[in-house]
Structure formats: C-alpha cells, structure tokens
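Working notes for the structure below.
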Amino acid sequence: MLRSLFIFALALLVEQGARAQGDLSATNNVTGLAGTWSSNPSVSTGGDFCIPAEMKFNYPNNTGISYSFTDTGFFEEAQYRYTANASNPSCIQATIFWQHGKFGLNDNGSITLYPFSSDGRIQVQDPCAATTNIITYYNQQTLYADWGITIDQSTGNYRLLLNRFDGAKMPYMFLTARPPNMMPTQVLTGANASGQTNSRKRSVMDINLFKRSAAPQRRSLSAEMGVLGGLVGVIGSVLGLGLGML
C-alpha cells in the first residue's frame, strides 16, 4: 500500500513538473525552456518554413505547431493547421502562420509573447471563399496562463505543456532541438534599428543612378569650352546692341 502511494506521488510530481514562477532555471522545471519544441516533426521553426521578406511559406507535409525559446528572451512560433466546416465538409480551411519576437515570464507563472509587428506572416486557403488564397501580415500578442515541462512516460522525451489564457490546452510539444532552430532574433522586415525601411524592394538601378562619389566634382574640357562659348556669345550680343544705339 505504501509502495503504491509512493509511486503515485512520484508520478504526480513528474507530471506537474513544478511549474515555473518567472524563472527559466531547472529548479522550477524538469529542464530549461530554451530549445525547439514541436507537436509534429514535420513542423519546426527556423529553416525555410517562412520567408517573410518574400511573403512566402514552404508548406510542411503535415499539420502541427512549433515554438522555440532562447535563454535571452526571444521566441519563434510556427503553426500549420486545418479548420473543418461542419456545414460543408468540402470547405476545409488551411491556415499557416509564423511570427517571432520577445517573450516575458510573469510572476504568476504565465508567459506573454511580444512579436515583432512587421515580421509576422499568415496565409489562409479557403476553397469556398471569394478569395481562396490570402497572405498578409500577422501580429498576435499571446498570453499563456501557465506552462510546465515534464517527462513523457512513453518516450522519455521532454514534453512542454502550454495553457492559453482562456484555459484551452495546446497540443503537447516535444523537445526536438537544443540549441533552438530559429531565424535571426531581430527585426527582419519593416523599420530596422537605423530607422530605414527595408520592407519594400527598390530597383538597384534607381539606387545607382543617384549614388554620388565623395570626391570633388570635376568638369570636363568640353563642358568648360561650352560655358566659355556661351559667355562670348552674350558679350557679343551686348556690344552689338550698344553700337546700334550710337
């Protein structure tokens, strides 16, 4: 009896995982949060899942979600999912989106995601909509009420549990990479750190046409002769006018 109670208590401790309280250290979890976590190996952050500068997605073979976190406070999110239509089963909607930015660990054990507003992308495919394929910008600040890292009993792998602010449970995600697979943890499109805008492409020719050298301007001999000839013509006209008045 005592042995059964001990095993039950130990399993409960592993499952609960001692949820974090604003701390990424191993004292609050079975392992640290840093790494790439995926519900399906087909979906992962980093790589070429999304190319935000080209407004482009590379679709994985299966649906799933993936998150990556760093110990320095950056995150990346990739999701690909289907939404069924009960009234019309043939109108299955496919949604794929990606965003990255910074995250904060709150004192109550929650996590808040703060994406870079100019980088997120989302694409929706709906065969029954007026416009069947739309890709646009995506910027969704997200709050997860609590989280924890446990050990999956069947695989022995680390498992991340996230609960949304409304109590909805996210699918289990397993640790797939450490260090995490991520795009550069900086703003990739829109206004960069220098205040210049790089989200719109410009022709290289336009840039070269207006490029100026730092060297002093030089006049060619033909240009100088042209200016001199013009002055001579003006002087001749003035002299001719004066002689005509005498």
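Counting with the working numbering, you get residues 143 to 388 for the letters of the sequence shown.
Just so it is clear, CB atoms sit at the ideal spot from N, CA and C, and this is done for glycine as well.
Query raised in the report: Quick one: what does DSSP say A272 is sitting in, helix, strand or coil?
Result: Along the sequence shown, read from residue 1 onward, the residue named residue 272 stands at position 130. In this structure, A272 counts as coil in the three-state DSSP scheme.
Query raised in the report: Under the rule that 16 or more other beta-carbon atoms within 10 Å means buried, what is Y314, buried or exposed?
Result: If you number the sequence shown from 1, residue 314 lands on position 172. With fewer than 16 other CB atoms across the displayed protein chains lying within 10 angstroms of its CB, Y314 is exposed.
Query - With 16 other Cβ atoms within 10 Å as the buried cut-off, status of D261 - result: As a working note, residue 261 is residue 119 in the sequence shown. By the 10 Å Cβ count, D261 comes out buried.
Query raised in the report: At a cut of 8 Å, does the region 188-206 reach the region 249-264 through at least three beta carbon pairs?
Result: In short, these stretches touch, since the Cβ pair count reaches three.
Report task. Measure the Cβ-Cβ separation of F316 and N305 and say whether it is below 8 Å. Result -> Numbered from its first residue, the sequence shown carries residue 316 at position 174. Numbered from its first residue, the sequence shown carries residue 305 at position 163. Annotated as distal: F316 and N305, with beta-carbon spacing of 8 Å or more.
**Report entry** A310 in three-state terms, based on DSSP
**Finding:** As a working note, residue 310 is residue 168 in the sequence shown. Coil.
Report task. Write down every uninterrupted run of the alpha helix (DSSP H) in the region 219-289 whose length is 4 residues or greater and which is fully enclosed by it, in chain order. Result -> Contiguous alpha helix (DSSP H) elements confined to the region 219-289 do not occur, taking only those with 4 or more residues.
Query raised in the report: Within the chosen definition, does the region 208-216 reach the region 278-292 through at least 3 CB pairs nearer than 8 Å?
Result: The region 208-216, when compared against the region 278-292, does not touch it at the 8 Å Cβ threshold.
Query - Beta-carbon gap between N171 and G290 smaller than 8 Å - result: Your numbering for residue 171 matches position 29 in the sequence shown. Your numbering for residue 290 matches position 148 in the sequence shown. Between N171 and G290, the C-beta gap is smaller than 8 Å, which places the two residues in contact.
**Report entry** Buried or exposed by the 16-neighbour rule on C-beta atoms within 10 Å, applied to Y280
**Finding:** By one-based count along the sequence shown, residue 280 stands at place 138. With at least 16 other beta carbons inside 10 angstroms of its own, Y280 counts as buried.
Report task. Look up S167 in the DSSP assignment and say whether it is helix, strand or coil. Result -> Numbered from 1 along the sequence shown, position 25 holds the residue referred to as residue 167. Any reading at S167 is ruled out, since the residue's pLDDT is 46, under 50, leaving its predicted position unreliable.
**Report entry** Cβ neighbour criterion (16 or more within 10 Å) applied to I207
**Finding:** As a position in the sequence shown, residue 207 is number 65, starting the count at 1. Only buried fits I207, as 16 or more other CB atoms lie within 10 angstroms of its CB.
Query - Cβ-based neighbour list, I277, same chain, cut-off 6 Å, excluding 5 preceding and 5 following - result: Position 135 of the sequence shown, counted from the first residue, corresponds to residue 277. Here I277 has M197 and Q265 as same chain residues with Cβ atoms under 6 Å from its own Cβ, once five neighbours each way along the sequence are excluded.
Query raised in the report: If you count every other CB in all the chains shown that lies within 10 Å of the CB of T292, and 16 or more means buried, which is it?
Result: Along the sequence shown, one-based indexing puts residue 292 at 150. Counting Cβ neighbours within 10 Å, T292 comes out buried, since at least 16 surround it.
Query raised in the report: What residue range is occupied by the uninterrupted beta strand (DSSP E) comprising A319?
Result: Stepping through the sequence shown from its first residue, residue 319 is reached at position 177. Counting along the chain, A319 sits inside the beta strand (DSSP E) bounded by residues M315 to A319.
Report task. Spatial neighbours of F199 within its chain, please: CB distance less than 6 Å, with the 5 preceding and 5 following residues excluded, ordered by chain position. Result -> Counting from 1 along the sequence shown, the entry for residue 199 is found at position 57. The beta carbon of F199 lies closer than 6 Å to those of C192, I238 and Q265 in the same chain, with the five residues before and after it left out.
Query raised in the report: Does the beta-carbon of N275 have 16 or more other beta-carbons within 10 angstroms, so that it is buried, or is it exposed?
Result: Along the sequence shown, one-based indexing puts residue 275 at 133. Exposed, by the Cβ-count rule.
**Report entry** Sub-8 Å separation of I234 and Y224 beta-carbons
**Finding:** The residue you call residue 234 lines up with position 92 of the sequence shown. The residue you call residue 224 lines up with position 82 of the sequence shown. Y224 sits close to I234, with the two beta carbons spaced by under 8 Å.
Requested in this report: Report the residue from T297, S210, A272 and Q267 whose alpha carbon sits nearest the alpha carbon of H242.
Outcome: Numbered from 1 along the sequence shown, position 100 holds the residue referred to as residue 242. Sorting T297, S210, A272 and Q267 by C-alpha distance to the C-alpha of H242 places S210 at the top.
Query raised in the report: Excluding the five sequence neighbours on either side, which residues of its own chain have a C-beta within less than 6 Å of the C-beta of K311, listed in chain order?
Result: In the sequence shown, counting from the first residue as 1, residue 311 sits at position 169. These residues qualify, in order along the chain: N305.
Query raised in the report: Pick from I253, T297, P326 and L330: whose alpha carbon is nearest that of F307?
Result: Against the sequence shown, residue 307 aligns to sequence position 165. Measuring from the Cα of F307, the nearest candidate turns out to be I253.
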